[in-house]
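Each protein sequence line maps, in turn, to chains A and B.
In terms of this note's numbering, the first sequence has 205 at position 143, counting the first letter as 1, and numbering is strictly consecutive.
In terms of this note's numbering, the second sequence has 49 at position 44, counting the first letter as 1, and numbering is strictly consecutive.
The beta carbon of each residue, even a glycine, is placed where N, CA and C say it ideally should be.
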Amino acid sequence: MLNIIKSGFFTTVQDSGRFGYRDKGVPVAGVMDSYTVSKLNTLLENDENSAVLEITMTGPTMEFEQDTYIVLGGAEMSVTLNNKPIDNYKVYKVNGGDILTYGKLLKGFRGYLGIKDGFKTTVVLGSRSFFRPITEQDSIKKISSLPYTKCKLFNPKISELKVDSVLDKSQLEVYKGPEYKLLTDKQLSQIFYKEFSVANENNRMAYQLNESIDGNAISMLTSATLPGTIQLTPAGKLIILMKDGQTTGGYPRILQLSDMAMSILAQKRSGDLVSFKLK
Amino acid sequence: MSTFKISVRQFGVHAILIEWPNRVEESILDEILQFIQFLKKNHLDEKEWEFVPAYNSLTLICKDTVLDFDYFKPKIKEWYAKKGKIDPATRYLWRLPVCYDLKFGLDLEEISGKLSMSVESITELHSQNIYTVYGIGFLPGFMYLGGVPEALEVPRKATPRPKVLMGSVGLAGKQTGIYPQDSPGGWNIIGKCPVPMFDVKKENPCFVKVGDKIQFYPISMAEYQLHKIESEVGIYNIEKIVLDA
């Protein structure tokens, strides 16, 4: 068990998501920055669907009950293991009783903690990813415990990785969305020739942007949306659906983020700048 | 022979959007549901693909791989042309109890004024009608129901409520439905249904599927309380009638 001593701002268990229930209105969920998490699970030689902790903004303090191996990645946060600083993308052995403490957020927005063989919390509808009301919890709470399998000995093939970090990137590659054709030349230039800043309304469901473009009063029949779908509201706001985003919507789906752009955006916080580039 | 013209479009690298004519029509929904059955049976493995129907569209989502759209576009048109007439999955008419007591129907009196109809006439008309499930989305288990009689069309509330309670039955424009969880919401609330629309403890967490039909029937407060407890302990049987029989 991993015992949560202090919970931090918003930390969840996530794997690669819940597949097969979108026709019942259940969002996919899963890790926001899948690029980073695939690196962590590779280093730990885990199954790619292994559950990790997704740590948003400020992290928890935790105590390991059994021996295991961990890797951190994503946002740069000052993290210590038994008061000694540790780095991202490096395999560390931890012993029963060790304390992992998350400190200040330095860069990015979402840190990840991967563990050998993944966290073994309850699988609901095919996934461990937290999403209320599918899972009972929406985030980890103080004095809760997360199960994992003890691992005494593991010789990683690679113990450290130099990762081409998504943290320094701000250009988001997009594909044309189903309603791209509705955009006027003016709207296109508003989208592709200026920067946007991330609004305060940003979470696992959706990221909104502060700057508006010309609106679109087209009403359309409700249809499927995906993580990474950019919707244009009648008032000209861009809403980018993320992993917990609703499965259907009625606003024009003008653009669709690439998988890499999803990971880049997942590391942005209020005020950060992004731009779009058509792929 | 399939009678509608369809358009097939790329939707990111993991999904394909297929669209039928831009209308709310049962014959279009039938075609979509038939095509899903046909694809599942003959061409696309359910373990690898998700099928999301809504009104006039079907979105096919592939689990991991990046799709070769140039391969799939002509294939999908070819498959659709070959589909022929096939039986969609068995459809049901679900009869759901609703308590229209003013304690639950928070906006009944207000919309009674707006529609110039008595509260009794509103609830009577709402429960006489049979609705078609055109889509499920917005929240887990939230049904988009079509078929609201014109006399009941009333604009959504100017200011949404920050919290609408689970089970609340809403009415807005051409739509009616049940909030499957507590949620913010701008629909006019006219009653409450004691049967949960989404239950993660069940293998099939949502008993309704797109293409099914819904009828509401009025119950008293006492019946509401009883059915609520029956639902909680798992002994409430939802009334269903097989359609297309």
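- If you check the CB distance, residue 176 (chain A) and residue 133 (chain A) come in under 7 Å.
- Taking a beta-carbon distance threshold of 7 Å, residue 22 (chain B) counts as an interface residue toward chain A.
- Residue 312 (chain A) and residue 283 (chain A) have their alpha carbons spaced roughly 6 Å apart.
- Interface annotation for the segment 206-232 of chain A against chain B: empty, criterion Cβ-Cβ distance under 9 Å.
- When DSSP reads this structure, residue 76 (chain A) sits in a beta bridge with A:114.
- Within 7 Å of the CB of residue 27 (chain B), the CB atoms of chain A belong to 283, in sequence order along the chain.
- Take the alpha-carbon of residue 116 (chain A) and the one of residue 75 (chain A): they are about 6 Å apart.
- Residues are counted here when their Cβ sits less than 9 Å from a Cβ of chain B; for the segment 68-89 of chain A these are 78, 81, 82, 83, 84, 85, 86, 87, 88, 89, given in chain order.
- Contact with chain A is absent for residue 137 (chain B), since none of that chain's Cβ atoms lies less than 7 Å from the residue's Cβ.
- Considering only beta carbons, the part of the segment 281-310 of chain A lying closer than 7 Å to chain B consists of 283, 284, 285, 286, 288, 290, 308, 309, 310, in chain order.
- Using a Cβ-Cβ cut-off of 7 Å, residue 68 (chain B) is close to 81 of chain A, given in chain order.
- Residue state for residue 100 (chain A) is assigned as helix, using DSSP reduced to three classes.
- Minimum Cα-Cα distance from residue 281 (chain A) among the listed residues A:296, A:216, A:79, A:223 corresponds to A:296.
- One finds 205 in chain B with Cβ atoms closer than 7 Å to the Cβ of residue 186 (chain A), taken in chain order.
- The segment 120-140 of chain A makes contact with the segment 151-164 of chain A; the number of CB pairs closer than 8 Å reaches 3 or more.
- Nearest to residue 47 (chain B) by C-alpha distance, out of B:158, B:166, B:91, is B:91.
- Taking 7 Å as the CB threshold, residue 318 (chain A) lines the interface with chain B.
- For the segment 140-163 of chain B, the set of positions with a beta-carbon nearer than 9 Å to some beta-carbon of chain A reads 140, 141, 142, 143, 144, 145, 146, 147, 148, 149 in chain order.
- For residue 90 (chain A) and residue 66 (chain B), the gap between their C-alpha atoms comes out near 11 Å.
- Contact of residue 237 (chain A) with chain B is assigned, a C-beta pair being separated by under 7 Å.
- Short of 7 Å from the beta carbon of residue 279 (chain A), and not among the five residues preceding or following it, lie these beta carbons of its own chain, in chain order: 296.
- Inter-segment contact for the segment 196-207 of chain B and the segment 175-188 of chain B is present: three or more beta-carbon pairs are separated by less than 8 Å.
- The shortest CA-to-CA distance from residue 244 (chain B) to any of B:232, B:125, B:216 is the one to B:232.
- If you check the CB distance, residue 84 (chain A) and residue 55 (chain B) come in under 7 Å.
- Between the segment 98-110 of chain B and the segment 219-228 of chain B, the count of Cβ pairs shorter than 8 Å is three or higher; the stretches touch.
- Rounded to the nearest angstrom, the gap between the Cα atoms of residue 29 (chain B) and residue 180 (chain B) is 12 Å.
- Per DSSP, the unbroken beta strand (DSSP E) holding residue 301 (chain A) starts and ends at 300-303.
- Legend: CB atoms of the segment 189-202 of chain A lying less than 7 Å from CB atoms of chain B belong to residues 195, 196.
- Remark: C-beta atoms of residue 66 (chain A) and residue 182 (chain A) do not approach each other more closely than 7 Å.
- In terms of Cβ geometry, residue 136 (chain B) and residue 60 (chain B) do not form a close pair [threshold 7 Å].
- Against chain B, the CB of residue 240 (chain A) has a partner CB under 7 Å away; the residue lies at that interface.
- Counting along the chain, residue 165 (chain A) sits inside the beta strand (DSSP E) bounded by residues 161-177.
- Look at residue 235 (chain A) here: in three-state DSSP terms it is strand.
- Boundaries of the beta strand (DSSP E) harbouring residue 56 (chain B): 54-59, taken from the DSSP string.
- Annotated three-state conformation of residue 211 (chain A) is coil, per DSSP.
- Membership of residue 264 (chain A) in any alpha helix (DSSP H) is not indicated; the residue belongs instead to the beta strand (DSSP E) covering 258-264.
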